[in-house]
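So the sequence lines, in the order shown, correspond to chains A and B. For the first sequence, the tail end lands on 360 under our numbering, and the numbers increase by one without skipping. For the second sequence, the tail end lands on 603 under our numbering, and the numbers increase by one without skipping. What follows is one structure encoded as structure tokens, with my remarks underneath.
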Amino acid sequence: MKSARVFQLTALAMVAVSAVMVAYWMYALRSAAIERNQAARVLYSEQVAAAQALLASGVSPERVHTTLPAIVVHGEDASLSPEVDRTLAAEERRRINQFAWEGAFFLFALGICITVIARALRAEAMVLREQDNFLALVSHQFKTPLASLQLSLETMALRPLSPDQSGALIERMLSDLARMEAMVTQILESVRLERGRVDLRREPVEVAGAVARVVASLEERAKKERVSISAELPRGVYVLADPLALDVVMRNLLENAISAVAPVGGGTVRVEGRRMNGEVEVIVRDSGVGFRPGDGVRMFEKFTRLHPGGGSSYFGTGLGLFIVRRLMQLAGGRVSAHSDGVGQGAQFVLAWPAAPAEAA
Amino acid sequence: MNAAVQPATAVLVVEDDPHLSAGVAENLRAEGYSVHAVGDGQQALQWLAHEQCALIVLDVMLPIVDGFTVCRTLREQGNNTPVLFLTARGDPADRVRGLEAGGDDYLAKPFHLQEFLLRVRAILRRWDWYRSASATPASAVLRFGGNEVDFRAFRAQSWNGVDQELTEKEAMILKVLAERPGEIVSREDLLERVWGYDVFPSTRTVDNFILRLRKRFERDPANPRHFLTVWGVGYRFMIEGQE
Numbered sequence: 001m002k003s004a005r006v007f008q009l010t011a012l013a014m015v016a017v018s019a020v021m022v023a024y025w026m027y028a029l030r031s032a033a034i035e036r037n038q039a040a041r042v043l044y045s046e047q048v049a050a051a052q053a054l055l056a057s058g059v060s061p062e063r064v065h066t067t068l069p070a071i072v073v074h075g076e077d078a079s080l081s082p083e084v085d086r087t088l089a090a091e092e093r094r095r096i097n098q099f100a101w102e103g104a105f106f107l108f109a110l111g112i113c114i115t116v117i118a119r120a121l122r123a124e125a126m127v128l129r130e131q132d133n134f135l136a137l138v139s140h141q142f143k144t145p146l147a148s149l150q151l152s153l154e155t156m157a158l159r160p161l162s163p164d165q166s167g168a169l170i171e172r173m174l175s176d177l178a179r180m181e182a183m184v185t186q187i188l189e190s191v192r193l194e195r196g197r198v199d200l201r202r203e204p205v206e207v208a209g210a211v212a213r214v215v216a217s218l219e220e221r222a223k224k225e226r227v228s229i230s231a232e233l234p235r236g237v238y239v240l241a242d243p244l245a246l247d248v249v250m251r252n253l254l255e256n257a258i259s260a261v262a263p264v265g266g267g268t269v270r271v272e273g274r275r276m277n278g279e280v281e282v283i284v285r286d287s288g289v290g291f292r293p294g295d296g297v298r299m300f301e302k303f304t305r306l307h308p309g310g311g312s313s314y315f316g317t318g319l320g321l322f323i324v325r326r327l328m329q330l331a332g333g334r335v336s337a338h339s340d341g342v343g344q345g346a347q348f349v350l351a352w353p354a355a356p357a358e359a360a
Numbered sequence: 361m362n363a364a365v366q367p368a369t370a371v372l373v374v375e376d377d378p379h380l381s382a383g384v385a386e387n388l389r390a391e392g393y394s395v396h397a398v399g400d401g402q403q404a405l406q407w408l409a410h411e412q413c414a415l416i417v418l419d420v421m422l423p424i425v426d427g428f429t430v431c432r433t434l435r436e437q438g439n440n441t442p443v444l445f446l447t448a449r450g451d452p453a454d455r456v457r458g459l460e461a462g463g464d465d466y467l468a469k470p471f472h473l474q475e476f477l478l479r480v481r482a483i484l485r486r487w488d489w490y491r492s493a494s495a496t497p498a499s500a501v502l503r504f505g506g507n508e509v510d511f512r513a514f515r516a517q518s519w520n521g522v523d524q525e526l527t528e529k530e531a532m533i534l535k536v537l538a539e540r541p542g543e544i545v546s547r548e549d550l551l552e553r554v555w556g557y558d559v560f561p562s563t564r565t566v567d568n569f570i571l572r573l574r575k576r577f578e579r580d581p582a583n584p585r586h587f588l589t590v591w592g593v594g595y596r597f598m599i600e601g602q603e
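This is the structure we're talking about:
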């Protein structure tokens with residue numbers, strides 16, 4: 001990897017040196033052409049002087065012209081033939097133009113090469129840095145459930161435990177394993193989404209029904225955490241979305257909302273919906289821990305876990321909201337988060353394009 | 361905190377992961393410690409404002425107030441309760457940050473249960489030694505060269521009348537040296553007694569602490585009369601001061 005980088009940088013340096021050399025050559029050739037032209041003019045002006053001298057010494061104009069073909073004689077005056085003068089001037093212009101255009105073209109081509117190589121190198125360095133960050137963050141996320149798992153196992157190995165204690169530890173270990181499995185799934189999902197390797201369907205989905213299904217599946221957990229969860233959406237409103245993606249988005253937001261409400265000793269999570277300007281908005285409001293208003297954008301970035309709350313649960317991976325945002329973008333929709341501050345609850349607004357009326 | 365429990369065996373666990381917190385607390389209880397567990401740095405500081413414990417097991421990445429800040433705040437408030445950091449970030453730079461914040465030891469997640477318990481015991485043993493070595497009025501105060509050190513209050517007054525607030529490490533180093541006046545104490549010995557086995561990567565740390573003690577208590581830190589270097593070995597503490 002390192003030798004490839006050295007090779008790339010060497011190539012870049014060589015192209016840059018070549019560009020400088022081409023520029024120098026072009027300048028030197030142009031200067032040489034101008035000098036040659038000037039030398040020719042000096043030669044011709046000497047011939048004019050010689051012709052003048054010959055005429056003065058009584059040589060006939062015809063003889064002078066035969067001896068010096070580039071010179072024309074008018075009466076007693078000798079001068080450079082206009083044809084030769086034009087040829088000289090044209091030659092000078094041609095050379096200068098040639099070097100200017102060719103040189104500019106070569107330099108332009110080399111400049112493009114340098115830009116392309118430099119940009120590729122920078123992009124590669126950025127990808128590597130992102131990969132390093134991603135790996136560091138992923139390993140960090142795994143360490144806590146791993147530590148818990150190891151602690152439970154070593155406790156079982158070290159201490160005599162009652163069946164109840166063993167049962168509790170086994171339950172804890174299974175929960176840690178489930179946590180890690182969820183992380184692996186979410187990490188793979190986020191990588192797939194990020195690289196655009198997903199084909200989302202776009203079909204009319206009835207929002208109220210889809211939300212009701214997710215709410216029903218979370219009711220038991222909500223009850224356990226003393227969270228009252230309710231949904232009030234108008235029936236028969238359709239959005240253009242992928243049913244599975246919509247399910248993932250709603251589940252993520254509602255699970256986050258429950259996790260945000262649980263630490264304050266219970267409260268409410270409400271889902272509302274409305275149709276506006278060709279879009280359907282679904283709003284998830286919770287009375288939970290909330291977040292600083294400035295964190296509303298940051299929380300959708302990978303591995304951002306806000307404290308306190310902000311929908312991040314103790315067992316969160318820091319990827320849930322990133323996946324939500326990506327899925328919403330791919331569906332042509334959007335998602336945003338608002339809170340008046342820590343302890344003030346939060347509201348998440350989802351918006352999908354509404355399905356054409358005939359779909360309903 | 362249960363009033364029947366001796367404060368010396370009370371441990372505060374500050375960890376936001378409920379499973380890990382429960383696991384650590386259960387194991388400490390099984391070892392005979394009384395445990396109070398909280399889930400964030402703010403709760404830890406609030407609890408410590410009213411209660412005492414013999415050791416704090418402190419996670420670094422905590423909600424609201426992170427572990428380093430909790431430790432630094434405690435030290436600034438003059439609370440010298442020993443701290444064992446638990447963290448998912450185990451690189452050396454982070455270790456040093458934790459110890460600079462005033463931590464006593466540092467354990468990276470995931471950790472071995474027995475190593476964790478061993479470290480807890482080692483920290484408590486060092487503090488038991490320090491407390492018992494400062495228990496009597498005679499051993500609680502050290503006087504040398506016009507300086508007066510109060511080991512129990514972690515305070516001192518230097519020869520020029522300046523009041524000094526001692527860190528726990530400075531006080532412990534002074535205690536080790538004062539127990540053996542006139543004798544050579546090796547750097548390794550100081551590391552072992554004050555920090556425990558493998559906390560710091562180098563004995564240079566000890567040298568830095570000695571430099572700090574010289575600045576506090578020597579009239580001319582460049583030509584020390586009390587904290588003498590024995591080249592290649594360690595240090596010798598002279599109560600009377602060497603000419």
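A virtual CB, placed ideally from N, CA and C, is assigned to each residue, including glycine. Note that this is a predicted model, so its numbers are computed, not measured.
Bridge pairing for B:Val545: B:Tyr595 [DSSP]. B:Asn507: member of the beta strand (DSSP E) spanning Asn507 to Asp510, first to last residue. Chain A has a Cβ within less than 8 Å of the Cβ of B:Pro470.
In the displayed model, B:Tyr393 falls within coil according to three-state DSSP, outside both helix and strand. For A:Glu203, the enclosing beta strand (DSSP E) starts and ends at Glu203 to Glu206. Judged by beta-carbon spacing, A:Leu107 lies beyond the 8 Å limit of A:Val15, meaning their Cβ atoms are not closer than that value. Of all alpha-carbon atoms in A:Val84, A:Leu121 and A:Tyr27, the one lying nearest the alpha-carbon of A:Phe7 is that of A:Leu121. In the same chain as A:Val214, and ignoring 5 residues on each side of it, the C-beta atoms closer than 8 Å to its own belong to Asp247, Met250, Arg251 and Leu254, in chain order. Per DSSP, A:Ile258 has no beta-bridge partner at all. For B:Thr447, the secondary structure class from DSSP, reduced to helix, strand or coil, is strand.
Contacts with chain B at 8 Å (Cβ-Cβ) include A:Arg172.
The distance from the Cβ of A:Trp352 to that of A:Ala241 is about 5 Å, consistent with a contact at the 8 Å cut-off. With 16 or more other CB atoms across the displayed protein chains lying within 10 angstroms of its CB, B:Glu528 is buried. Pairing B:Phe511 with B:His586 gives a Cβ-Cβ distance that is not under 8 Å. Secondary-structure assignment with DSSP links B:Phe504 through a beta bridge to B:Asn507. Of all C-beta pairs linking the segment 565-578 of chain B to the segment 531-539 of chain B, three or more are shorter than 8 Å, placing the two stretches in contact. Comparing C-alpha distances from B:His379 to each of A:Gly332, A:Thr144, A:Ile112 and A:Val261 shows the shortest one belongs to A:Thr144. In terms of Cβ geometry, A:Val237 and A:Arg275 form a close pair [threshold 8 Å].
Under the DSSP definition of a beta bridge, A:Pro353 partners with A:Glu279.
Scanning A:Glu35, A:Gly75, A:Ala40 and A:Ala39 for the CA closest to the CA of A:Gln52 turns up A:Gly75. Excluding the 5 residues flanking it on each side, A:Leu88 has same chain C-beta neighbours closer than 7 Å at Asn37, Ala40 and Arg41, in chain order. Residue pairing for A:Arg63: DSSP places it in no beta bridge.
Against chain B, the CB of A:Gln150 has a partner CB under 8 Å away; the residue lies at that interface. B:Val417 sits close to B:Val371, with the two beta carbons spaced by under 8 Å. Taking the Cα positions, A:Ala182 is about 56 Å away from A:Val20. If the five residues before and after A:Gly265 are omitted, its C-beta is found closer than 8 Å to the C-beta atoms of Arg226, all from its own chain and listed in chain order. Across the structure, A:Phe291 and A:Gly341 are spaced so that their CA atoms are roughly 5 Å apart. The secondary-structure analysis by DSSP pairs A:Thr268 across a beta bridge with A:Ser228. Under a 10 Å Cβ-count criterion, A:Leu149 is classified as buried, with 16 or more other Cβ atoms of the shown protein chains found around its own Cβ. Taken in chain order, the complete beta strand (DSSP E) segments of 3 or more residues contained in the segment 131-157 of chain A number zero; there are none.
Taking the C-beta atoms as reference points, A:Ser60 is found no nearer than 8 Å to A:Ile71. A:His338: member of the beta strand (DSSP E) spanning Arg334 to His338, first to last residue.
Counting the other CB atoms within 10 Å of its CB gives A:Arg86 a total below 16, which places it among the exposed residues. B:Ala453 has a beta carbon lying at 8 Å or more from every beta carbon in chain A. A:Ile283 is positioned such that its CB atom lies closer than 8 Å to that of A:Val349. Burial check for B:Glu525: the Cβ neighbour count within 10 Å stays below 16, so the residue is exposed.
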